């Protein structure tokens, strides 16, 4: 199924300008970028990664939301790019910024339990 990425992006960007701060809109935009990259023969996920990193490191993003985006980026690297080390690195950096975030700790545990070396 193919979609009109330009029109979808335009609608989401328009909503984001009128109502800034909605994480769901940002994630929809990132999802659209990922699907567009998946449609290519050799996917380039640099747009997806850059968007996540901007959201994580933006001074406008609250700490808990930055941690949320860090978990999403780590899972993207783990599931889509099969890069467990980078996923763990992202979570550990997020923990440096937000030490009390239980979700980050749970994500780190999840990474350890899903490690193929752990299950053998």
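Residue numbers (the numbering used here): 305 to 424. Just so it is clear, CB atoms sit at the ideal spot from N, CA and C, and this is done for glycine as well. No experiment lies behind these values; they were computed from the predicted model shown.
In this structure, residue 405 lies near residue 371, with their beta-carbon atoms less than 8 Å apart. Straight-line spacing of the CA atoms in residue 381 and residue 356 works out to 11 Å. When the five nearest sequence neighbours on each side are left out, the beta carbons in the same chain lying within less than 7 Å of the beta carbon of residue 330 are those of 359, in order along the chain. Here residue 336 is not near residue 373, since their CB atoms are 8 Å or more apart.
Taking 8 Å as the cut-off, the beta carbon of residue 378 is found closer than this to the beta carbon of residue 411. Beyond the five residues adjoining it in sequence on each side, residue 341 comes within less than 8 Å, by CB distance, of 347, 348, 349, 351 and 352 in the same chain, given in chain order. By the neighbour-count definition (other C-beta atoms within 10 Å, threshold 16), residue 395 is a buried residue. In this structure, residue 415 keeps its C-beta atom at 8 Å or more from the C-beta atom of residue 385.
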